[in-house]
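Report on one structure; see the data block that follows.
Protein chains in written order, with this note's numbering: chain A, 16 to 191; chain B, -9 to 552.
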C-alpha cells in the first residue's frame, strides 16, 4: 500500500513534468516556429478569421444569429420542441423579410459555438438583394464577389462549402 | 456523395490503424518496444520496478486505485490553488470546491464532463497540468485494465496478470504521447491555437465591433482529447469552437482519432489470445451498432428541426440549429455518434438541439454500455463482459458448461461479469430517479417538458458511462449535480474496473480446456449475432421505460420516428 502510494506520487510528478509541461511547451515551440499565424489565432487587421463577429445594418453580409461574445462560447441549447426556439426563429425571419431577404435556415438558427465565422454559400447569396440595394450595386457584381469567396470542401469531400463572413465583407469594402 | 467518401476514408484509415497500430501496441504492451528506453529505465529505477515485474490481480487493483486516488487529489489541489500558480494570464481565481471535485473526478475517470466554461474558469496551468495530464493518464489506465483482462484469457495457470505501472507507463510513452504530438501540429496547421500569449483585444473598423478573444495552448489538448477518448474542451463550445476544430479536415481527424484506439484494441485482443478472428468477431458487433446508430442519427438530422419548421422555415439541408457551417449537418451527426459511442463526449454541435430522434440516437448509443466501440480500454473490457454473459446464455441453451477462449466460464466469472454489466444501468436509473424527485435536481433543466427529463437522463447516462457529453442546457454547476455526478463517474469507472480485474485474475489462474465438437465457437457470425442480441436486450430492457418518458414522447409529439 505505502509503496504504491510512493509510486503514485513519482508517476504523478513525472507526468506533470513530461505531459503537463514538456509536451504542451514543445508543441507551442514548434507551432510558433512553423505556423505562427495560426498558432496565435489567425489574426488580421479586423480581428480573427476564425472568430465570427456581429454584423448589423443592410450594408454588410451577416453571419449566423448570436451575440458573438468570444469570452463565452456555446450554443443556445434550446430543444427541438422548444417554444422559445420557435419564437426566436419567427422573429429572425420577420427581421430578414423587412430588409427584403428570404433567409436560409442557417441565417435564422444559431451555431454550436456561438462564434461561427462562416455561412454556406446559399446563405450569402440570399443576402444579395439587401446589400445590393443599400450599396447601389448590381446583384451580379455581388454574385461574382461571393463566388470568388467560396471555400469548397477540403480535398473535395471533407466538411461543407462555406463563405467566411469577415473575409467576404473585407472584399466588399474593397469594391468601393 | 461527399458524405459517402468521408465514410470510406474513415473506414480505410481505421482499417490501416487497426492492423498497424494494433501490431505496434501488442509489441508495446509485451515490453518489446525499447526506443524510449532512455526515459523508461530511469523511471523504473525510481519506482523500484523491474521491466518484467508482475502483479496479482489484487495488487494490480490496489495500485490502480491508489494511483487514481492520488490523481484526484493532485488535480483537485491544482484547481483550488490555481491563483497562486504560474501561467494564469487572465488571473482566474480558485475553482469552487464542489466544481473542483466534480472536475477532478471527471478527468481522472476519463469522463471529461464539464460543469464549467473553460475560457472563464481554468488557467493555462490548470488546463495543462490538471486536465491534459489526466487526459493521458486516464486512457492509459483504461488500456491497462483491458490488457490485464486480455492476459487473463491468454494465460494458463498464471497467478499474475501483468504489472499496472508498466502497462500505464508504456501506453502513455509509446502510444499516446508521440501520436498526440504529431496530430497537435496538424491541428495548428489548420488553425487551432497553440500559444501562451493570453487573450487578445481586436477592433474591426468596418463594423465598429471590439472583441476580447481568449487564447491558450489548445491544439496540444485537442489531440489527446480525441485520441484518449477524453472529450474535455479547452473552450466551452468544445470541438464546435473554431479554435479547437477549425476545418472539415480537423473534424474528420477528430472522428478518426477518437475511434482509433478503441477499434485497434480488438486487434490487440485477437493477437494476444492467439486468434485475430476472435478480435474480428468482437469488432463486427461493434461495427454493427456503430453503423446502425450512425445511419439512424444522420437521417434524423438531415430531417427538419420541428421548432424551426413551426416557424415556417424550409430546411432543405436538415437541422442546422446548433451546428457549424463549415462542418455541415451530416458530418456533425457522424461526429456526434462517434463521440457518444466512444465515451469521448466531445461535441462539435449542440446535442441538446438535435431532433428528437437524433438526440435519442446519441442517448441510446451510450446506454448500450459504451461498447460500440467504447472508450479507450473501457470499450474492450466492457464488451468482453458482454461476451462472457453471451457464452453463458449460449451454454444454457445447449446445456453445457460454457467456455470462452478455452476458459471454463463458471459461477464466479458469470457473477463478476454480471456485476460489471449492471453497475452502469443501476447508477443511471437510481440517480436520475433521485434528480427528478428533489428540487435541486428539478432546477437543472433549461428546457420544459419531456426534453427537460431527457436532459437529466442524458446527464447521468453520460457520467455513469464516463462519456462526458451533455444535453448542455442542463445547469450542472450546482452542489447537487456536482456531487451526485462525481459519484456516478466514480462508480461507472471503478465499480466496473475492479470486477474486471478480479475476472482477469480468476481467468489467468485457470487452465485451458481443449475445444471439442460441443464447444460453442466464438469467432463465427452466429456468436456475433448472439452478442449483439445480448447487448441490445440488456440495454433495451433496462432503459426502455426511461427513454419512453423522454425522447420517445418528444418524437411522438413531433410525429416522426426517423
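We treat Cβ as the ideally placed atom computed from N, Cα and C, and that holds for glycine.
Residues that residue i contacts on chain A, provided the C-beta gap is smaller than 8 Å
i	result
residue 231/B	88, 128 and 130
residue 60/B	20, 23, 24 and 27
residue 187/B	55
residue 298/B	100, 101, 104, 120, 123 and 124
residue 512/B	Those do not exist, as residue 512/B stays about 35 Å from chain A at its closest Cβ, beyond 8 Å.
Under 7 Å by beta carbon: chain B residues contacting residue i
i	result
residue 156/A	The premise fails here: residue 156/A is roughly 18 Å from chain B at the closest Cβ pair, so nothing lies under 7 Å.
residue 169/A	237, 238 and 239
residue 161/A	Per Cβ cutoff of 7 Å: no residues; residue 161/A is ~14 Å from chain B at best.
residue 188/A	196
residue 135/A	315
Interface partners of residue i on chain B, CB under 8 Å
i	result
residue 16/A	52 and 56
residue 91/A	311, 312, 340 and 343
residue 34/A	122, 123, 126, 127, 162 and 167
residue 30/A	123, 126, 127 and 162
Residue i - partner residues in DSSP beta bridges
i	result
residue 59/A	62/A
residue 47/A	The partner list for residue 47/A (beta bridge, DSSP) is empty, contrary to what the question assumes.
residue 179/A	133/A
residue 339/B	313/B
residue 166/A	177/A
residue 201/B	192/B
Three-state class that DSSP yields for residue i in the structure shown
i	result
residue 173/A	strand
residue 543/B	helix
residue 131/A	coil
residue 92/B	helix
residue 397/B	strand
residue 441/B	helix
residue 256/B	helix
residue 6/A	Not covered by the structure: residue 6/A. The range shown for chain A is 16 to 191.
residue 42/B	coil
residue 305/B	coil
residue 519/B	helix
residue 24/B	coil
residue 513/B	coil
residue 434/B	coil
residue 80/B	coil
residue 110/A	helix
residue 68/A	coil
residue 358/B	coil
residue -9/B	coil
Chain-ordered neighbours of residue i on chain A, where CB pairs are closer than 7 Å
i	result
residue 318/B	174 and 175
residue 184/B	42, 43, 46 and 54
residue 547/B	96
Chain A residues whose Cβ lies nearer than 9 Å to that of residue i
i	result
residue 544/B	94, 95 and 96
residue 307/B	119, 120, 121, 135, 137 and 175
Any non-hydrogen atom of the ligand SAM within 7 Å of residue i CB
i	result
residue 83/B	The ligand SAM is not part of the structure shown, which contains no ligands of any sort.
Neighbour list for residue i in chain B, Cβ cutoff strictly below 9 Å
i	result
residue 58/A	190, 192 and 203
residue 182/A	What residue 182/A touches in chain B: nothing, since even the nearest Cβ is about 11 Å away.
residue 63/A	190, 192, 201, 203, 232 and 233
Contact between the stretch 23 to 41 of chain A and the stretch 115 to 128 of chain B (3+ Cβ pairs under 8 Å): yes
Contacting positions in the stretch 66 to 82 of chain A - beta carbon closer than 9 Å to chain B: 66, 67, 68, 69, 70, 71, 72, 75, 78 and 79
Chain B contacts from the stretch 94 to 122 of chain A (Cβ-Cβ distance under 7 Å): 94, 95, 96, 97, 100, 101, 104, 105, 108, 120 and 121
Residues of the stretch 58 to 86 of chain B with Cβ closer than 7 Å to any Cβ of chain A, in chain order: 60, 61 and 64
Interfacial residues, the stretch 137 to 150 of chain A to chain B, with Cβ spacing under 8 Å: 138
Sufficient close CB pairs (3 or more, under 8 Å) joining the stretch 295 to 311 of chain B to the stretch 112 to 132 of chain A: yes
Given 8 Å, three or more beta-carbon pairs between the stretch 461 to 476 of chain B and the stretch 37 to 51 of chain B: no
At least 3 beta-carbon pairs within less than 8 Å: the stretch 306 to 322 of chain B vs the stretch 82 to 100 of chain A: yes
Cβ pair count under 8 Å reaching 3, the stretch 153 to 170 of chain B against the stretch 185 to 195 of chain B: no
Validate contact between the stretch 333 to 343 of chain B and the stretch 125 to 134 of chain A using beta carbons, cut 8 Å, 3 pairs: yes
Members of the stretch 89 to 110 of chain B that neighbour chain A once the beta carbon cut-off is set at 8 Å: 107, 109 and 110
The stretch 265 to 279 of chain B in contact with the stretch 312 to 326 of chain B per 3-pair CB rule at 8 Å: no
Touch test, the stretch 122 to 134 of chain B against the stretch 213 to 231 of chain B, Cβ-Cβ under 8 Å, three pairs minimum: yes
Chain A contacts made by the stretch 446 to 470 of chain B, where a contact means CB separation under 8 Å: 461, 462 and 463
Three-pair Cβ contact test at 8 Å for the stretch 391 to 407 of chain B versus the stretch 446 to 464 of chain B: no
Segment contact flag, the stretch 144 to 155 of chain A with the stretch 170 to 180 of chain A, C-beta cutoff 8 Å, min 3 pairs: no
Sufficient close CB pairs (3 or more, under 8 Å) joining the stretch 89 to 97 of chain B to the stretch 59 to 66 of chain B: yes
Touch test, the stretch 66 to 83 of chain B against the stretch 43 to 62 of chain A, Cβ-Cβ under 8 Å, three pairs minimum: no
Against chain A: residues of the stretch 372 to 386 of chain B by CB proximity under 8 Å: none
Cβ-based contacts, 8 Å cut-off: residues of the stretch 145 to 161 of chain B near chain A: 155, 158 and 159
At least 3 beta-carbon pairs within less than 8 Å: the stretch 100 to 112 of chain A vs the stretch 54 to 74 of chain A: no
contact_flag[the stretch 256 to 271 of chain B, the stretch 238 to 247 of chain B] where n(CB pairs < 8 Å) is 3 or more: no
Residues of the stretch 481 to 505 of chain B whose Cβ lies closer than 9 Å to any Cβ of chain A, in chain order: none
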